[in-house]
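For reference, the structure is listed below as structure tokens.
Number of protein chains: 2
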Amino acid sequence: MPAPAETTVANLETTWTIREIADDFGVTHRTVRHYEDLGLIAPERRGTTRVYRRRDRTRLALILRGKRLGFPLEEIRTIIDLYDRPRGKASQLEYVLSQIDDRRADLEQRRRDLDDALLELDRFEERCRQDLERLR
Amino acid sequence: MPAPAETTVANLETTWTIREIADDFGVTHRTVRHYEDLGLIAPERRGTTRVYRRRDRTRLALILRGKRLGFPLEEIRTIIDLYDRPRGKASQLEYVLSQIDDRRADLEQRRRDLDDALLELDRFEERCRQDLERLR
DNA sequence: GTATTGCTTTACGTTTACGTCAACGTCAAG
DNA sequence: CTTGACGTTGACGTAAACGTAAAGCAATAC
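These protein sequence lines map, in sequence, to chains Y and S.
Residues in the first sequence are numbered from -2 upward in steps of one, following the numbering used here.
Residues in the second sequence are numbered from -2 upward in steps of one, following the numbering used here.
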């Protein structure tokens, strides 16, 4: 009988170098370090070398998705901070919940824009297809 | 009996100054001129003064929506060009249709990202509400 | 041992998307 | 007729998001 606990531990303790995660996510190491400069990720150090773990990968994925959505890095940082912020007291939780509402409003505006753009694209394609039909 | 044709013509011929459309869309006149420098809009001139018409407003709306979606201005220009490109011949229409597919793929990726982000936000809010509940 | 490879920091360069003067033309109001 | 109010064209400034080049340490490869 194998010991899944051990492999789980091994997975959790798997580490990556800066070049490795950069390659994995299709960015340059310079980009990763830039995110660190801005405080979006904070890898451990073994001596002077950066050591990246699973949680760093999760963060990087969050950052890159935020970028695909067109958010500036500073705003992405506030989002990450929001997710990471300690929320032991009720007042802190209330604040976090209000922030969540703000973010949701933003995302839903984007979704409206996106759906509009897709609808327009559909109509435009339809017109093009009809034009093409008429040429035959 | 009123003459709707006249009011239609009047509407179509309504013009605006740079400051007016800028204010209407919540941007500065500098921004509008910047878009003109990049070839995203091309207002008429009465002498040296820019004269904006309905189609310029439509374009500006397109540009600003593109920006809210996080597209760079150069990419927005290619999109506008796509919509405006002459497509008399079949080969041109074929090309436009292929471009449409590319754009749709892009937009749908964004929608996936957006839906993921909204789902995460929902789950996070749920956790926060439960934490808040436990404090009572 | 030295050469290569990969990590590090420091620092300046670049592109995008405008902001911010400066200097000038023009037209209606006082 | 001059004073605003708005228009125009440069030209330079700036913030964000990295790119790039210089120079150094550290471990493995030969």
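Beta carbons: idealized from backbone N, C-alpha and C, even for Gly.
Here the structure is a predicted model, which is why all the values come from computation and not from measurement.
Euclidean distance between Cα positions of residue i and residue j
i: residue 25 of chain Y; j: residue 14 of chain S; result: 45 Å
i: residue 61 of chain S; j: residue 27 of chain S; result: 14 Å
i: residue 74 of chain S; j: residue 82 of chain S; result: 12 Å
i: residue 123 of chain Y; j: residue 36 of chain S; result: 27 Å
i: residue 129 of chain S; j: residue 90 of chain Y; result: 7 Å
i: residue 34 of chain S; j: residue 46 of chain S; result: 15 Å
i: residue 126 of chain S; j: residue 108 of chain S; result: 27 Å
i: residue 72 of chain S; j: residue 32 of chain S; result: 12 Å
i: residue 20 of chain S; j: residue 29 of chain Y; result: 39 Å
i: residue 97 of chain Y; j: residue 52 of chain Y; result: 22 Å
i: residue 92 of chain Y; j: residue 40 of chain Y; result: 28 Å
i: residue 12 of chain Y; j: residue 119 of chain Y; result: 45 Å
i: residue 48 of chain S; j: residue 63 of chain S; result: 23 Å
Burial state of residue i, where buried means 16 or more other Cβ atoms lie within 10 Å
i: residue 16 of chain Y; result: exposed
i: residue 111 of chain S; result: buried
i: residue 44 of chain Y; result: exposed
Proximity of residue i and residue j at Cβ, strictly below 9 Å
i: residue 22 of chain Y; j: residue 80 of chain S; result: no
i: residue 54 of chain Y; j: residue 18 of chain Y; result: yes
i: residue 67 of chain S; j: residue 68 of chain Y; result: yes
i: residue 38 of chain S; j: residue 65 of chain S; result: no
i: residue 50 of chain Y; j: residue 105 of chain Y; result: no
i: residue 77 of chain Y; j: residue 59 of chain Y; result: yes
i: residue 70 of chain S; j: residue 87 of chain Y; result: no
Decide yes or no for the touch test of the stretch 99 to 114 of chain Y against the stretch 112 to 125 of chain S: beta carbon pairs closer than 8 Å, at least 3 of them.
yes
Runs of beta strand (DSSP E) lying entirely within the stretch 32 to 114 of chain Y, each at least 3 residues, in chain order:
41 to 43, 46 to 48
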